[in-house]
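Chain order of the listed sequences is A and B.
Numbering-wise (the working numbering), the first sequence opens with residue 1 and increments by one.
Numbering-wise (the working numbering), the second sequence opens with residue 259 and increments by one.
Even for Gly, the Cβ is constructed at its ideal location relative to N, Cα and C.
Notes follow the structure.
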Amino acid sequence: MKRHVHLVATPLILAALVLLWWGYVRAFEVSPLILPSPASVGASIVDLLQSPRTWNHIWYTLYETIAGFLIAVVVGIGLGALLGKTPWLERTLNPLIVGLQVMPKIALVPLFVVWFGFGPTSKVVMAAVLAFFPVMTNTIIGIKSVERGHRDVMTSLNASRWQSLREVELPASLPFILTGMEVGIVLAIIGAIVGEYLGGSNGLGYMAVAALNAFDVPGMFAVIIILTVIGFLLYALVVMLRRFVTPWHESVLITRET
Amino acid sequence: MVSEASASSPEIRLSGLEQRYRTEAGGEVLALTGIDLSIRRGEFVVLIGPSGCGKTTMLRIMAGLIRPTSGTVEIAGRPLWKGGARDDSAVQELGVAFQEANLFPWMRIEENIALPLKLRGVPKAKRLERARALTELVGIKGFERRWPRELSGGMRQRAAIARALSLDPHILLMDEPFGALDAMTRDRMNVELQRIWMMQGCTVVLVTHSISEAVFLADRIVLLSPRPGRMDTIIDVPFPRPRDGDSATRPEFQAIVRDLRKRLDAMS
């Protein structure tokens, strides 16, 4: 009984929140320019989804997010593996990496627009730059936390560095890498959206700004909700990946049992 | 298989081994000194001693996991270290099992067992066939497709032994392989290990701190004394094979156990 309780409780809470929103707007007669009612936002969503233009924007944002994310995963794992296996290189580059990590990368968007133009490329780059760091740092941590006993086995078998990386270090890092990817996909969406906010005329970020400029507040809320649903789906996809990629791992075992 | 050199020379020869560690404070600790030991082909040698006597260090040196500060290790007449690297043909003669099974959780049991073959480029069908034969030898047939976490501690240790045997090494090195198991499982594993050893005809060097385990398994027991670790006594255990639970109740067996315990008590 208890294991299925969330299947009912989660929608209920969601419904309660919408009801609260609706009640608040009704009771205090909030201006629709500040907070539109759930009904008008709902109507706006239905409206938007019927227009092929909206779908164009959705594909645009999806493409930028996924392309940026994939670049971040490939480069992040590659560089993370290199740094994780080469301690002197990591020590050398560490101040640089920390510096780049704490830098507010969103501030780079205008620069990227200058460099890569108003098209999708500047957004892909922004998404990749944001998603890259969690993937890379988690890969480094994963490679460093390979058990000593496992290293001993590979040493006793006279395995080469490449063999150790492929057979032990990368698989052992996968749970860490997936955690980095879960953070990364969310950041990739943010990167793409912020890029669209600040430059260009495509994507859901642009749509939200355009709606606001037209005083179409329900439209803006509708775009934000569509974005949230997309983000949720992408995140769920990465979480599901965990089950396929690391079926042997404790975290997968636990979620299966509950 | 038996070459001229390996027939005439001992399977393992340690000469003038010494191991020093640098401590963090900048000092030096002498972990092991004056180790000279020859182990014959097919012999079962047990290293025993109080903690800090360097028995694990000695085994790890034989396995090539540690490079000794001075002295040489020869495996079947060939030096284990050539220049700065382990001699690969000597390494192939060694199978190593640790206190923890150290199976890789992301590989199924058969993949774990076949890993040494994979690293040496043996085709998949062939190495899985070998893995199946080994699961039968170590008594975990039917568990080939399981994940390591699905097996009990004893079964995991059996799989680790199977992995150590997969290259068909002439020498099996074991560092307290049953130390983490409960007493009953441990006794059973000792009988099993004796059976595997008799079937494979390999040379075994096993580290333990259990006196009865040492006497039950060994042809020769090497007793090490601590600080610095050095060889104290070598004791022959001449009982016939296969030994079983009854062997352990015999007075001759008990006498060796008693002597060993006395010497060990005198050290600490």
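Worksheet item: Mapping DSSP to helix, strand and coil, what is Q277/B?
Response: strand
Fill in: C-alpha gap between R478/B and A334/B, whole angstroms
19 Å
Worksheet item: When burial is assigned at 16 or more other CB atoms within 10 Å of the CB, is V41/A buried or exposed?
Response: buried
Practice prompt. Going by CA-CA distance only, name the one from L7/A, G149/A, L14/A and L234/A that's closest to V354/B.
Written response: Among L7/A, G149/A, L14/A and L234/A, the Cα nearest to that of V354/B is on G149/A.
Worksheet item: Between which two residues does the alpha helix (DSSP H) harbouring V153/A extend?
Response: Annotation: the continuous alpha helix (DSSP H) that includes V153/A extends over R148 to S156.
Discussion item. Taking 8 Å as the threshold (beta carbon to beta carbon), is T258/A in contact with chain B?
Written reply: The predicted model places T258/A with a pLDDT of 44, which falls under 50 and marks its position as unreliable; any figure quoted below should be read in that light. Nearest CB-CB separation between T258/A and chain B: not below the 8 Å threshold.
Worksheet item: S261/B to S347/B, Cα distance in whole Å?
Response: Note that S261/B has pLDDT 45, beneath the 50 cutoff, so the model's placement of it is unreliable and no number is given.
Discussion item. Less than 8 Å between the C-beta atoms of V480/B and L305/B, yes or no?
Written reply: yes
Fill in: Heavy atom of the ligand FMN within 7 Å of V287/B beta-carbon
Annotation note on the ligand FMN: not contained in the displayed structure, which lists no ligands.
Worksheet item: G68/A to V124/A, Cα distance in whole Å?
Response: If I take the Cα positions, the gap works out to 5 Å.
Worksheet item: Is the Cβ of P308/B closer than 8 Å to any Cβ of chain A?
Response: no
Item to complete: Taking N202/A as the query, report the chain B residues whose CB atoms sit under 9 Å from its CB, ordered along the chain.
Response: Per Cβ cutoff of 9 Å: no residues; N202/A is ~42 Å from chain B at best.
Worksheet item: Beta carbon of L290/B, beta carbon of M316/B: below 8 Å?
Response: yes
Practice prompt. Determine contact between the stretch 195 to 214 of chain A and the stretch 83 to 102 of chain A, defined as no fewer than three beta-carbon pairs at a distance below 8 Å.
Written response: no
Worksheet item: Using the C-alpha atoms, what's the distance from R298/B back to A263/B?
Response: Low per-residue confidence applies at A263/B: pLDDT is 46, beneath 50, and the placement is therefore not dependable, though the value from the model is reported in the following sentence. So the two alpha carbons sit approximately 13 Å from each other.
Worksheet item: So with Cβ pairs under 8 Å, would you call G322/B a contact of chain A?
Response: Yes, G322/B counts as interfacial toward chain A.
Discussion item. Among I225/A, R243/A, V238/A and R26/A, whose alpha-carbon lies nearest the alpha-carbon of V46/A?
Written reply: I225/A
Worksheet item: Three-state secondary structure (DSSP) at R318/B?
Response: helix
Worksheet item: When you compare each of A372/B, S526/B, M525/B and T466/B to V303/B by their alpha carbons, which one comes out closest?
Response: T466/B
Worksheet item: When the Cα of M442/B is compared with those of G411/B, A513/B and L361/B, which residue comes out closest?
Response: Among G411/B, A513/B and L361/B, the Cα nearest to that of M442/B is on G411/B.
Discussion item. Here's the rule I'm using: 16 or more other beta-carbon atoms within 10 Å means buried, otherwise exposed. How should R403/B be labelled?
Written reply: Exposed, since its Cβ has fewer than 16 Cβ neighbours within 10 Å.
Worksheet item: Secondary structure at S264/B, three-state DSSP: helix, strand or coil?
Response: Low confidence applies here, because S264/B scores a pLDDT of 44, under 50, leaving its location unreliable; read the following figure in that light. Reduced to three states, the DSSP call for S264/B is helix.
Worksheet item: Is there contact between the stretch 181 to 197 of chain A and the stretch 367 to 380 of chain B, where contact requires at least three CB pairs shorter than 8 Å?
Response: Taking 8 Å as the limit for Cβ pairs, the verdict is that the stretch 367 to 380 of chain B does not touch the stretch 181 to 197 of chain A.
Worksheet item: For E351/B, which residues from the same chain have a beta carbon less than 7 Å from its beta carbon, with the 5 sequence-adjacent residues on both sides left out?
Response: I333, A334, P427, H428 and I429
Fill in: DSSP bridge partner residues for T330/B (one or two, in chain order)
S273/B
Item to complete: Assess, as a yes-or-no matter, whether the stretch 111 to 130 of chain A is touched by the stretch 165 to 183 of chain A under the definition of 3 or more beta carbon pairs within less than 8 Å.
Response: no
Worksheet item: With a CB to CB cut of under 6 Å and the five nearest residues on each side skipped, what residues in its chain are close to Y197/A?
Response: G205 and V209
Practice prompt. Run the CB neighbour count on A279/A, radius 10 Å, all protein chains shown included, and call it buried at 16 or more, exposed below.
Written response: With chain A covering 1 to 258 only, the question about residue 279/A has no answer from this structure.
Discussion item. Distance check for L323/B and R243/A, CA to CA, integer angstroms please.
Written reply: 35 Å
Discussion item. Taking the beta carbon of R26/A as the centre, do at least 16 other beta carbons fall within 10 Å, making it buried, or is it exposed?
Written reply: exposed
Item to complete: Please work out which residues of its chain come closer than 7 Å, Cβ to Cβ, to Y60/A, disregarding the five sequence neighbours upstream and downstream, and give them in chain order.
Response: Closer than 7 Å at Cβ, skipping near neighbours: P120, N202 and G203.
Worksheet item: Using the C-alpha atoms, what's the distance from G292/B back to G274/B?
Response: 5 Å
Item to complete: Just tell me which of A524/B, R390/B, I419/B and W455/B has its CA closest to the CA of R253/B.
Response: Nothing can be reported for residue 253/B, as the shown portion of chain B is limited to 259 through 526.
Worksheet entry | Pair within 8 Å by beta-carbon distance, I371/B and A417/B | Yes, these two residues count as a Cβ contact at 8 Å.
Practice prompt. Apply the 10 Å Cβ neighbour rule to G76/A and answer buried if 16 or more other Cβ atoms are within range, or exposed otherwise.
Written response: With at least 16 other beta carbons inside 10 angstroms of its own, G76/A counts as buried.
Discussion item. At a CB distance below 9 Å, what residues from the stretch 363 to 376 of chain B approach chain A? Give them in sequence order.
Written reply: P363, W364, M365, R366, L373, P374 and K376
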